[in-house]
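The numbering of the sequence shown is my numbering, which starts it at 3 and goes up by one. Glycine residues also receive a C-beta, built at the ideal position from the N, C-alpha and C atoms. Here's the structure, in structure tokens; my notes come after.
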Amino acid sequence: MRTPLTAIAAMVVLAACASQPPPLQGEFAQITPREAAEADRTGALVRWGGRIVRVEPQPNRTCFEMISTRLTVTARPYWASDDTGGRFIACRTGFYDPAVFEVNREVTFTGRIAAYETRKIGGYDYRFPRVEADIVYLWPVREQVDVITRPAPWPWWGWW
């Protein structure tokens, strides 16, 4: 009787580890910023994330220019390859310090697509969907760990 209860408890604990933070939970339109820029999706409720390109504090709000990436099951941005989901702008009432929200930090937003803006990236005119964000979720910096391996002594089978 104890073994099945222990196994069930372990599964519950592991499932909790893979869940999304409460502010990022919910049902959202399954579209990328690139898809939203190609067709008018004004009003769609989205959960998008990626890396910060630029932070623009304004008098009553802060806007973030983002490069979109896929999200993991926990809703954290994930760089699987150089293929991104496009770019977007997310704005939220209040001041978000550019010293904290630095370039390349990972952020996930939830909110509705409110409008579109055309801005230049280099010499190219790019159509950005603009999200009026309800949630701005800054992820902790990922720690990089270097793993050092040592070669096994030769012959390995005689050294235990």
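(1) Check the C-beta distance from Gly87 over to Ser70 and give it rounded, since I have them as a contact under 8 angstroms.
(2) Touch check for the region 102-111 and the region 39-58: three-plus C-beta pairs under 8 angstroms?
(3) Where do the N-terminal and C-terminal ends of the alpha helix (DSSP H) with Pro100 fall, by residue?
(4) Do you know how far the Cα of Arg43 is from the Cα of Phe130?
(5) In three-state DSSP terms, what is Ala39?
(6) Evaluate Thr110 with the Cβ neighbour count: other Cβ atoms within 10 Å of its Cβ, from every protein chain shown; 16 or more gives buried, anything less gives exposed.
(7) Can you grab the Cα-Cα spacing for the pair Thr95 / Arg63, in whole Å?
On the basis of the supplied data:
(1) Sequence index remark: in the sequence shown, residue 87 carries index 85 (1-based). Sequence index remark: in the sequence shown, residue 70 carries index 68 (1-based). Between Ser70 and Gly87 the Cβ distance is about 4 angstroms, and since that is below 8 angstroms, they are a contact.
(2) yes
(3) Against the sequence shown, residue 100 aligns to sequence position 98. No alpha helix (DSSP H) contains Pro100, which DSSP labels as neither H nor E.
(4) Residue mapping note: residue 130 aligns to position 128 of the sequence shown, counting from 1. Residue mapping note: residue 43 aligns to position 41 of the sequence shown, counting from 1. Cα to Cα, the separation comes out at about 12 angstroms.
(5) If you number the sequence shown from 1, residue 39 lands on position 37. Helix.
(6) As a working mapping, residue 110 is identified with position 108 in the sequence shown. Buried.
(7) One-based indexing of the sequence shown puts residue 95 at position 93. One-based indexing of the sequence shown puts residue 63 at position 61. Each residue's alpha carbon lies about 4 angstroms from the other.
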